[in-house]
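Novice:
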Amino acid sequence: MVDAALTRAGATAATARTPLMQSKLFLGLLFMLPAAIFLLVFLSYPLGLGVWLGFTDTRIGRAGVFVGLENYQLLWDDSIFWLSVFNTILYTVVASILKFMLGLWLALLLNEHLPFKAIIRAIVLLPWVVPTVLSAIAFWWIYDAQFSIISWGLMKLGLIDSPINFLGNPNNARATVILTNVWRGIPFVAITLLAGLQTISPSLHEAATLDGATSWQRFRYITLPMLSPLIAVVMTFSVLFTFTDFQLIYVLTRGGPLNATHLMATLSFQRAIPGGQLGEGAAIAVAMVPFLLAAILFSYFGLQRRRWQQGGADA
Numbered sequence: 001m002v003d004a005a006l007t008r009a010g011a012t013a014a015t016a017r018t019p020l021m022q023s024k025l026f027l028g029l030l031f032m033l034p035a036a037i038f039l040l041v042f043l044s045y046p047l048g049l050g051v052w053l054g055f056t057d058t059r060i061g062r063a064g065v066f067v068g069l070e071n072y073q074l075l076w077d078d079s080i081f082w083l084s085v086f087n088t089i090l091y092t093v094v095a096s097i098l099k100f101m102l103g104l105w106l107a108l109l110l111n112e113h114l115p116f117k118a119i120i121r122a123i124v125l126l127p128w129v130v131p132t133v134l135s136a137i138a139f140w141w142i143y144d145a146q147f148s149i150i151s152w153g154l155m156k157l158g159l160i161d162s163p164i165n166f167l168g169n170p171n172n173a174r175a176t177v178i179l180t181n182v183w184r185g186i187p188f189v190a191i192t193l194l195a196g197l198q199t200i201s202p203s204l205h206e207a208a209t210l211d212g213a214t215s216w217q218r219f220r221y222i223t224l225p226m227l228s229p230l231i232a233v234v235m236t237f238s239v240l241f242t243f244t245d246f247q248l249i250y251v252l253t254r255g256g257p258l259n260a261t262h263l264m265a266t267l268s269f270q271r272a273i274p275g276g277q278l279g280e281g282a283a284i285a286v287a288m289v290p291f292l293l294a295a296i297l298f299s300y301f302g303l304q305r306r307r308w309q310q311g312g313a314d315a
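At position 30 of the sequence shown (counting the first as 1) the number is 30 in full-length UniProt numbering, and the numbers step up by one without a gap.
(1) Exposed or buried, residue 176, counting other C-beta atoms within 10 Å across all chains shown (16 or more means buried)?
(2) With three or more beta-carbon pairs closer than 8 Å as the criterion, would you say the segment 281 to 295 touches the segment 233 to 247?
(3) Rank 37, 84, 195 and 107 by C-alpha distance to the C-alpha of residue 281 and give the top, closest one.
(4) Where residue 221 and residue 96 are concerned, what is the direct C-alpha to C-alpha distance, given to the nearest angstrom?
(5) Can you look up residue 66 in the DSSP assignment and give me helix, strand or coil?
(6) Which residue wins for smallest C-alpha separation from residue 325, given the options 47, 72 and 195?
(7) Assuming residue 100 contacts residue 189 (C-beta within less than 8 Å), just tell me the rounded distance between them.
(8) Excluding sequence positions up to five away, which residues of its chain have a Cβ less than 7 Å from the Cβ of residue 205?
(9) So is residue 235 buried or exposed if we call it buried at 16+ other beta carbons inside 10 Å?
(10) Could you check if residue 130 belongs to the surroundings of the ligand MN, using beta carbon to heavy atom distance under 8 Å?
(11) Does the segment 154 to 161 touch the segment 192 to 202, meaning 3 or more C-beta pairs lie closer than 8 Å?
(12) Starting from the C-beta of residue 107, find all residues in its chain whose C-beta is less than 7 Å away, skip the five residues before and the five after it, and write them out in chain order.
(13) My output table needs one value for residue 59: the three-state DSSP class, helix, strand or coil.
(14) Return the chain-ordered list of same chain residues with a C-beta closer than 8 Å to the C-beta of residue 174, the five sequence neighbours on each side being excluded.
(15) Count the other C-beta atoms from every protein chain shown that fall within 10 angstroms of the C-beta of residue 263, then say buried if there are 16 or more, exposed otherwise.
(16) Kindly indicate which three-state DSSP category residue 184 falls into: helix, strand or coil?
(17) Could you work out which residue in 184, 170 and 114 is closest to residue 131 when comparing CA atoms only?
(18) With 16 as the cutoff for other CB atoms within 10 Å, does residue 31 come out buried or exposed?
(19) Which word fits residue 333, buried or exposed, when buried means at least 16 other C-beta atoms lie within 10 angstroms of its C-beta?
(20) Less than 9 Å separating the beta-carbons of residue 67 and residue 286?
(21) Output the boundary residues of the alpha helix (DSSP H) element that contains residue 87.
(22) For a test of the three-state rule: what should DSSP assign to residue 143, helix, strand or coil?
(23) Using the rule of at least 16 other Cβ atoms within 10 Å of the residue's Cβ for burial, across every protein chain shown, is residue 214 buried or exposed?
(24) Between the alpha carbons of residue 80 and residue 122, how many angstroms are there, rounded?
(25) Considering residue 36, what are the terminal residues of the alpha helix (DSSP H) in which it resides?
(26) Are there 16 or more other CB atoms within 10 angstroms of the CB of residue 344, so buried, or fewer, so exposed?
(27) Closest to residue 74 by CA distance: which of 225, 284, 298 and 39 is it?
(28) Quick check on DSSP: helix, strand or coil for residue 11?
(29) Can a CB atom of chain D be found closer than 9 Å to the CB of residue 301?
(30) At which residues does the alpha helix (DSSP H) containing residue 231 begin and terminate?
(31) For a quick check, are the C-beta atoms of residue 232 and residue 299 less than 9 Å apart?
(32) With 16 other CB atoms within 10 Å as the buried threshold, where does residue 28 fall?
(33) The alpha helix (DSSP H) with residue 155 in it runs from where to where?
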């Protein structure tokens, strides 16, 4: 009797577990658990620690005390901080627009029937795969005030009389770091959009051509709408990478001259590590979060238009 009862109980428990293991929701949560733990340990904890430090006066070598919004009040009256905000927005907007326009043009070009297409695509990827510090050092030599190859070439052509001070003039420095970021970011945009272009059925363009559509009309009413969800994702990542850029600026200019190229990321590092003001540096880093959230929301609402491609209404 006892054995029979135990057998029935075991069978009932196994029957109860079977639907649970077959549940897509349960299996999805189970498979996501390792990634969730990883994110919790390596992302959530540093983020939470940074937010806490922003409310303290912690310095290197000295534990801080809670000071509330004092760090943020100091930043509100800090002209260098607001200059870094302006530089970051200018850097992000201009570089992201240029990367998108040039990357889309390059993707359309690579989507055509070109000889040695595979080799060309591999070459296009080189600026993206080269380590940022290595490429920044190369550009540091290219922009050198005395030995710049650009200045040398322009002087040989008779277009200028003296070397251009690329990194010593505030406006020139802003332009050069933007162009360097564009050079590094174009391959990511181009290759990603190229993958999207190759998913568009050629029959759509053939039908439009038979109807008398021009090249611009095919691009405007077929290519661009079909790429719109992918463009939202690509531009979001491009904005995030550009907004949080640190290595390129730190190697080329370290925020100079006269703080003209300081981004929020580089200013946060300068105040926190060399300056020793961990609380103030953390506050600058936390001030970046609203801008990053805005970029993520842009991607979210952009992806809602995906249903258009299945013939349904926009979500």
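For glycine and all other residues, C-beta sits at the position ideal for the given N, C-alpha and C. These figures come from a predicted structure and were not determined experimentally.
Specialist: Considering the structure as presented:
(1) The residue in question, residue 176, is buried, as its Cβ has 16 or more Cβ neighbours within 10 Å.
(2) Enough Cβ pairs lie closer than 8 Å, so yes.
(3) Here the closest residue by C-alpha is 84.
(4) If you draw a straight line from the Cα of residue 221 to the Cα of residue 96, it is about 23 Å long.
(5) Note: residue 66 maps to strand in three-state DSSP.
(6) Any answer about residue 325 is impossible in this case: the structure gives the chain only from 1 up to 315.
(7) Confirmed, about 6 Å.
(8) For residue 205, where only same-chain residues beyond five positions count, the Cβ hits under 7 Å are 218 and 222.
(9) That one is buried.
(10) Ligands in the displayed structure: none, and consequently the ligand MN is not present.
(11) Too few Cβ pairs lie closer than 8 Å, so no.
(12) If the five residues before and after residue 107 are omitted, its C-beta is found closer than 7 Å to the C-beta atoms of 190, 193, 194 and 197, all from its own chain and listed in chain order.
(13) In the displayed model, residue 59 falls within a strand according to three-state DSSP.
(14) The answer, listed in chain order, is 87, 90, 91, 260 and 261.
(15) Using a 10 angstroms sphere on the CB of residue 263, the tally of other CB atoms reaches 16 or more, which defines it as buried.
(16) When secondary structure is reduced to three states using DSSP, residue 184 falls in the helix class.
(17) Ranking 184, 170 and 114 by Cα distance to residue 131 puts 184 first.
(18) Of the other Cβ atoms in all chains shown, fewer than 16 fall within 10 Å of the Cβ of residue 31; this residue is therefore exposed.
(19) Nothing can be reported for residue 333, as the shown portion of the chain is limited to 1 through 315.
(20) Not a contact, by the Cβ cut-off of 9 Å.
(21) Unbroken alpha helix (DSSP H) run through residue 87: 79 to 110.
(22) Coil, per DSSP.
(23) With fewer than 16 other Cβ atoms inside 10 Å of its own Cβ, residue 214 counts as exposed.
(24) Each residue's Cα considered, the two are about 41 Å apart.
(25) If you look at residue 36, you'll find it in the alpha helix (DSSP H) that goes 24 to 39.
(26) Missing from the structure shown is residue 344; the chain here goes from 1 to 315 and no further.
(27) Looking only at 225, 284, 298 and 39, the smallest Cα-Cα distance to residue 74 is reached by 284.
(28) Reliability fails at residue 11, whose pLDDT of 49 lies under 50, so the model's placement of it is uncertain and the value that follows must be treated cautiously. Residue state for residue 11 is assigned as helix, using DSSP reduced to three classes.
(29) Any reference to chain D falls outside this structure, which holds one protein chain only.
(30) 224 to 243 is the span of the alpha helix (DSSP H), which, as asked, contains residue 231.
(31) Result yes, Cβ atoms of residue 232 and residue 299 sit closer than 9 Å.
(32) Counting the other Cβ atoms within 10 Å of the Cβ of residue 28 gives fewer than 16, which makes it exposed.
(33) Where residue 155 is concerned, the enclosing alpha helix (DSSP H) stretches over 149 to 156.
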